[in-house]
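Worksheet: one structure, shown below.
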Amino acid sequence: MKGLSTRVWALMPLAVALNLVMSNLVALLKPLPLYLDSVGTVLVGALCGPGAGALAGIASIAVVALTAPTFFPFMVTAAVVGTLSGWLARRGFFATPTLAAVGGLFLGVAAALVSAPISAYLFGGVTGGGTDLLVAYFRSSGRSALESSLAQGLISDPLDKMVSLVLVQLLLAGLPESIRHGFPQGHCLAIARRVRRVRRGSGLSGPQPRENWGGPAGTAVAGQTDGWLQQLTPLTKLLGLLVVVLMAVRFAPFQAGTIASALPLVAFSLFGLGLSSGVGTEVGRVVGWFWTPLAL
Numbered sequence: 005m006k007g008l009s010t011r012v013w014a015l016m017p018l019a020v021a022l023n024l025v026m027s028n029l030v031a032l033l034k035p036l037p038l039y040l041d042s043v044g045t046v047l048v049g050a051l052c053g054p055g056a057g058a059l060a061g062i063a064s065i066a067v068v069a070l071t072a073p074t075f076f077p078f079m080v081t082a083a084v085v086g087t088l089s090g091w092l093a094r095r096g097f098f099a100t101p102t103l104a105a106v107g108g109l110f111l112g113v114a115a116a117l118v119s120a121p122i123s124a125y126l127f128g129g130v131t132g133g134g135t136d137l138l139v140a141y142f143r144s145s146g147r148s149a150l151e152s153s154l155a156q157g158l159i160s161d162p163l164d165k166m167v168s169l170v171l172v173q174l175l176l177a178g179l180p181e182s183i184r185h186g187f188p189q190g191h192c193l194a195i196a197r198r199v200r201r202v203r204r205g206s207g208l209s210g211p212q213p214r215e216n217w218g219g220p221a222g223t224a225v226a227g228q229t230d231g232w233l234q235q236l237t238p239l240t241k242l243l244g245l246l247v248v249v250l251m252a253v254r255f256a257p258f259q260a261g262t263i264a265s266a267l268p269l270v271a272f273s274l275f276g277l278g279l280s281s282g283v284g285t286e287v288g289r290v291v292g293w294f295w296t297p298l299a300l
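In the numbering used here, the protein residues as written are 5 to 300.
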């Protein structure tokens with residue numbers, strides 16, 4: 005796609021890998037009524053804009069459709085999720101976890117309205133996920149496949165997208181500001197941060213309420229502009245990167261013969277990218293810290 009920077013293209017494989025890893029994890033936790041297969045799509049949409057988000061979603065479905073061609077129509081849903089994620093980021097919905105949850109509610113309703121007809125007419129509402137239990141319940145009450153799919157979507161999709169957007173918001177809050185601003189929409193992500201007050205003569209500092217900023221008791225100074233990850237030691241940062249590789253290796257056996265077996269290659273590619281430009285190391289480190297505990 006013309007106009008996308010190298011950093012945006014470098015983020016795409018990571019987004020696809022994130023979507024696949026989270027989707028496989030949820031599949032292992034049946035009957036969890038979630039998908040979590042659009043976390044990477046939301047991440048790209050937030051950092052890079054609606055167009056890039058739509059492209060990341062389409063790419064993820066294309067990879068899945070290589071072994072399950074019937075999933076091709078869900079590219080429409082994935083594109084909508086990526087586009088709206090970029091739109092929500094421009095309007096400040098990633099500033100706090102609470103705003104991210106509100107944005108996820110809106111995004112989930114939109115995704116349900118788009119995906120329900122696809123699920124109903126192509127699969128009869130049954131897609132092989134944990135949400136099939138909800139569809140079966142509504143079908144048993146006499147509702148049609150479309151009505152059951154829509155009812156299921158309006159229950160599970162908002163919850164799924166709320167969790168996804170909150171996870172992405174936490175990830176973005178952990179990224180250094182310099183890394184976020186290296187992406188097209190990084191400047192739109194006004195992540196809420198603490199401001200620390202240094203009390204004159206006391207040598208003490210600590211977080212203060214907003215109403216006291218700049219008051220007579222002391223001088224309000226801005227806290228670190230980098231994410232909390234910047235406070236880690238070099239050894240911890242290296243371990244975080246290694247964890248990303250271990251996470252990829254951990255998931256490979258679950259989907260033998262599919263794209264999951266390529267996840268270790270993705271992780272090592274990120275390592276090489278990090279050595280050359282500093283992008284893969286920073287992003288991969290954050291992914292490791294947030295998603296590896298779920299994989300173990």
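Note that beta-carbon positions come from the ideal geometry of N, C-alpha and C, so glycine has one too. Values in this document were obtained by computation on a predicted structure and should not be read as measured data.
Verify whether the separation of the beta carbon atoms of residue i and residue j is less than 8 Å.
i	j	result
residue 51	residue 190	yes
residue 104	residue 169	yes
residue 43	residue 26	yes
residue 74	residue 126	yes
residue 163	residue 124	no
residue 30	residue 64	no
residue 90	residue 166	no
residue 78	residue 145	no
residue 174	residue 101	yes
On the DSSP letters alone, give me the boundaries of the alpha helix (DSSP H) that residue i sits inside.
i	result
residue 87	79-94
residue 157	149-178
residue 122	101-127
residue 182	181-184
Using three-state DSSP, classify residue i as helix, strand or coil.
i	result
residue 53	coil
residue 141	helix
residue 33	coil
residue 75	helix
residue 136	helix
residue 146	coil
residue 60	helix
residue 27	helix
residue 188	coil
residue 45	helix
residue 10	helix
residue 194	coil
residue 38	coil
residue 18	helix
In chain order, what residues of the same chain have a beta carbon less than 7 Å from the beta carbon of residue i, not counting five sequence neighbours either side?
i	result
residue 193	50, 93, 98, 176 and 184
residue 152	129, 139, 142 and 143
residue 58	83, 86 and 87
residue 135	37, 156 and 160
residue 68	75
Might you give, ordered along the chain, the residues of its own chain that have their beta carbon closer than 6 Å to the beta carbon of residue i, omitting 5 neighbours on each side?
i	result
residue 188	52 and 53
residue 161	112, 115 and 116
residue 13	none
residue 61	45, 82, 83, 85 and 86
What residues in its chain sit with their C-beta under 8 Å from that of residue i, if we drop five residues either side in the sequence?
i	result
residue 147	155
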